[in-house]
Each structure stands twice: as structure tokens, then as C-alpha cells.
DNA sequence: TGCAATAGTATCGAGTCGCTACTATATGCG
DNA sequence: CGCATATAGTAGCGACTCGATACTATTGCA
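Residue numbers (the numbering used here), protein chains in the order written: chain A, 9 to 188; chain B, 9 to 188.
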């Protein structure tokens, strides 16, 4: 077995074990991942299409996932005014609470030294960028790191969509984001 | 969002994207994980129970997974002589071929610097040990790193099960393994 | 000998997931 | 303008995962 395969198995196993032990209430791992995404994504990026891009699955599957989250009261949906094909989802208080609940893996990662956490962060980001380049998928990074992000006097702005951004919004992730 | 949550999401997303893009033929991610495990586990550790311990799932689920792999010709099963409750699975040539096929994530990890690969290895191992300690599950490390492993003149031996081990077997993983 | 522990399986219901087919809306081009 | 094409989302199918529960067969211990 190559060292890369060993690494890959470790990553997969960590994710799997966290998913297995991290069930909260009636949410399976995918449903929880969807909630995590909605908690981080900005208002332009909370549609089924974007979620499927982030999760690496199809729109059909995501549609089902969101339908069940809707039925269980974790999210609400709203059709866009400007483009009537688009639906934007939002977390309810109940969903927000789930997003803020740490998993067993969170606790373990917190116990690592700051140095280890930073290295891990950097190495995983590098790997992630390469995977995404291979998939030709968007990065979903935060606005503040984007080439279209410009800091004005009264706040920041997205020069691509021509909208003002609050400080909070600059930290949210966006499907259009391109690392500067 | 805490930095740990960000790390956890990166791990989960990498695993998810690899699973999504890494379909080989008619095998889903779990089925592939099962094949990877069987390729690495020694002859004492290739039963449904051990696989379920490794994957963090239940015996019932694993039983189904192995049944479908059996039907599709990736594995064969054999009842143990000594304990007639136990079934040991083995990869067919077809299964072996799958285990040796690298995934997209393998390729990406290979492009990382040797230093990054080593750091990642160490940090993930540390995290894994803590997760397993929390779950009270076995490590499934290779025999050669085990407290019960003793190197004799003609080869190595497992002092727990009292069996001689070939060089190859010392590199396989075992459900009884306890890091020295 | 008898009873608890263990290994594995069957079955159920909810859900994932790729796939194909479908509807509705938007957009580009002649 | 009008029509073709692209895009957003959904419905339904079949294979499968997964937790849960209930079950059989075998083993081990008191």
C-alpha cells in the first residue's frame, strides 16, 4: 500500500467515525453537512445547486435532503424575486442550534496543539484546492479572500455582484469566490 | 465558527468529494472502504464484526455490504474451522484489483511535499488515536507496532495468539493490535 | 448442564445517491 | 420578436447504507 493510500484511508476513516458517532437527533451525516453549509453560506449561495456543488453530489439528491430538512423544521425556503427558478434556503433557530453543536471530532481536534491545528489547516487547504481544481468545482471560500472583494470606506463590496457586504457577510462563503 | 469546526468540515468534505468522484464500476464508497479494509487486514481480522468495528457501523449493515460484494464477485467467504460462528472474507482477484486502484485523492496527496505528507500522517494519527480512545474501539494498527509482537530468529510472532507471522503478515492490520 | 455472551443474519423504515425524465423560467441569437 | 437552448429545481426508480430490533447458531463459563 502506498503512503498516499494510507493517508486517504485515515481521512476517510476519521470522517466516517465522526459521522457515525455524531448523529444529533434525527439527522444523518448528510443532513448535518447540509445544515453546516447553510450556516456558512452567504445569501447568494443557499440554493440546492450550490449545495450540490459543495457536497459533490447531484441536484436530485440534495433536493431530497432539503425536503426532509424542511419537513423536520430545520430550514425554510424562499423563492427568489429576481430569478423565479431559484430557491434560497435558510436555517431556522432549530437548524442554527444544530450548526453550533460541536461533534466528537471537534473536541478531539481542539485538544491538538495550536501548531498541529495550523499545519493541518494549511495542508488540508492545499489538498482541497487541488481536488477542486481537478473537479473543476468552485472553492466556496469566504468573500474576504476573494479577488472580487474590495474594501471601501464604509465597508466592503463585491465587485462581481455589485453589492455592499457587511462585516459578517465578508466571512461567509460564496459559490463565486475565487481566491486572490 | 470555531477553527476546529472548520477543520472538521475540511476533513469531511475531502472524504465526501473523494467518495463522490471515486466510484469505480458498481461500487459505492462504503463498499470500496470494505474492500480496502479486507486488503489490509490479517486473516484473524476479516470478519463482519471486525469490519464493523473499523468502519464504525453495525454488524447488520456490514453484513448487507458484504452480501452485495459477495454477489458481485469481489469477495469470497469461508467459515472458520475452530469457531463455527466466525466467517472470514477474502478478496478475489477482482477485489484485489479494486483495492490497488488509486482514487483522485490519492493522486492529489501524492503531489504534496514529503514533509507535508509526513506532518499530515502524524497529526491525523494523533487525532485518530484520540477518537478511538473516546469510542473505546480498537486501533487496527499493523502487527509490527503491537505490544504482542515479538521478533524471533526465524521471523516474528504474535505472543497473544501464539502464531508465527510472515514478514508480509507483520505489515497487515489486526483487531487485537495495541500500540507499543 | 445450563445460561449468558458472541457471531452473524433477516427485516423494517428513513434516507442517500446516481440516473433519467420532466416542468418552469431565463437568456441568447437570428 | 420568437424560438432554441441553457439553467434551476423536482419526481420517480433501483441499489444501497444505516440504526434498530429480533432472531438463530455456536461457544464458553460457572
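A virtual CB, placed ideally from N, CA and C, is assigned to each residue, including glycine. In this text, all values refer to a predicted model and were calculated from it rather than measured experimentally.
(1) Return the chain-ordered ranges of every alpha helix (DSSP H) run that is complete within the stretch 31-61 of chain B and spans a minimum of 4 residues.
(2) I'd like to know whether the C-beta of residue 13(A) is nearer than 7 Å to at least one C-beta of chain B.
(3) With 7 Å set as the bound, which would you pick, yes or no: does the beta-carbon of residue 175(A) sit closer than that to a beta-carbon of chain B?
(4) Is there a C-beta anywhere in chain B that falls below 7 Å from the one on residue 43(A)?
(5) Tell me whether the stretch 55-73 of chain A and the stretch 39-47 of chain A touch, counting them as touching only if at least three CB pairs, one residue from each stretch, are closer than 8 Å.
(6) Under 7 Å between the Cβ atoms of residue 152(A) and residue 178(A)?
(7) Thinking C-beta only, is residue 135(A) closer than 7 Å to residue 23(B)?
(8) Taking 7 Å as the cut-off, decide whether the C-beta atoms of residue 149(B) and residue 96(B) are in contact.
(9) Have a look at the DSSP bridge pairing and note the partners of residue 157(B).
(10) Are the Cβ atoms of residue 147(B) and residue 86(B) separated by less than 7 Å?
(11) Quick one, are the C-beta atoms of residue 25(B) and residue 64(A) less than 7 Å apart?
(12) Across the stretch 75-90 of chain A and the stretch 98-106 of chain A, are there enough close Cβ pairs to call them in contact, namely three or more that are closer than 8 Å?
(13) Could you compute how far the alpha carbon of residue 37(A) sits from the alpha carbon of residue 160(A)?
(14) In this structure, does DSSP put residue 65(B) in helix, strand or coil?
(15) For residue 198(A) and residue 88(A), I'd like the C-alpha separation in whole angstroms.
(16) What does DSSP give as the partner residues of residue 171(A) in its beta bridges?
(17) Alpha carbon to alpha carbon, how far is residue 117(A) from residue 117(B)? Give it in angstroms, no decimals.
(18) Identify the continuous beta strand (DSSP E) that holds residue 94(A) and give its terminal residues.
(19) Thinking C-alpha only, which one of 55(B), 104(B), 28(B) is nearest residue 182(B)?
(20) Would you mind telling me which residues of chain A sit closer than 9 Å to residue 64(B), beta carbon to beta carbon, in chain order?
(21) Residues of chain B with CB under 9 Å from residue 83(A), in chain order?
(22) Who are the neighbours of residue 134(A) on chain B, taking C-beta pairs under 8 Å?
(23) For the putative contact between residue 203(B) and residue 109(B), defined by C-beta atoms under 8 Å, what is the C-beta separation to the nearest angstrom?
(24) Between residue 157(B) and the rest of its own chain, which residues show a CB-CB distance below 8 Å, the 5 nearest in sequence each way excluded?
(25) Is the CB of residue 60(B) under 7 Å away from at least one CB in chain A?
(26) Report back the beta-carbon spacing between residue 21(A) and residue 113(B) to the nearest angstrom; my notes put them in contact at under 8 Å.
(27) Between residue 181(B) and chain A, is the shortest Cβ-Cβ distance under 7 Å, so that the two count as touching?
(28) Return the chain-ordered list of same chain residues with a C-beta closer than 7 Å to the C-beta of residue 53(B), the five sequence neighbours on each side being excluded.
(29) Report yes or no: is there a C-beta of chain A within less than 7 Å of the C-beta of residue 139(B)?
(30) For a contact defined as C-beta to C-beta under 9 Å, what are the partners of residue 143(A) on chain B?
(31) If we define contact as Cβ-Cβ less than 7 Å, is residue 18(A) a contact residue for chain B?
(32) State buried or exposed for residue 13(B), treating a residue as buried only when at least 16 other CB atoms are found within 10 Å of its CB.
(33) So residue 12(A) is in the alpha helix (DSSP H); what residue range does that whole segment cover?
(34) Count the other CB atoms, across all protein chains shown, that sit within 10 Å of the CB of residue 130(A); report buried if there are 16 or more and exposed otherwise.
(35) Could you spell out the range, first to last residue, of the alpha helix (DSSP H) harbouring residue 87(B)?
(36) To the nearest whole angstrom, what separates the beta carbons of residue 18(B) and residue 46(A), a pair I think is in contact under 8 Å?
Result, derived from the coordinates:
(1) 37-48
(2) yes
(3) no
(4) no
(5) yes
(6) yes
(7) no
(8) Cβ atoms of residue 149(B) and residue 96(B): not closer than 7 Å.
(9) 166(B)
(10) no
(11) yes
(12) yes
(13) 40 Å
(14) coil
(15) Because chain A in this structure spans residues 9 to 188, residue 198(A) falls outside the shown range and cannot be described.
(16) 166(A)
(17) 21 Å
(18) Per DSSP, residue 94(A) is not a residue of any beta strand (DSSP E), being assigned neither H nor E.
(19) 55(B)
(20) Residues of chain A passing the Cβ test: 21, 24, 25, 26, 27, 28, 29.
(21) Here the premise fails: no neighbours, minimum Cβ distance about 18 Å.
(22) 120, 124
(23) No answer is possible for residue 203(B): the residues shown for chain B start at 9 and end at 188.
(24) 151, 164, 165, 166, 167, 173, 178, 188
(25) no
(26) 13 Å between Cβ atoms; not a contact.
(27) no
(28) 181, 182, 183
(29) With its beta carbon less than 7 Å from one in chain A, residue 139(B) belongs to the interface.
(30) Identification of chain B residues near residue 143(A) by a Cβ-Cβ cut-off of 9 Å yields 25, 28, 29, 112, ordered along the chain.
(31) Using a CB distance cut-off of 7 Å, residue 18(A) counts as an interface residue toward chain B.
(32) So residue 13(B) counts as buried.
(33) 11-29
(34) Residue burial annotation: residue 130(A) is exposed, with fewer than 16 other C-beta atoms found within 10 angstroms of its C-beta.
(35) No alpha helix (DSSP H) contains residue 87(B), which is instead part of the beta strand (DSSP E) from 83-87.
(36) Not a contact, Cβ separation roughly 17 Å.
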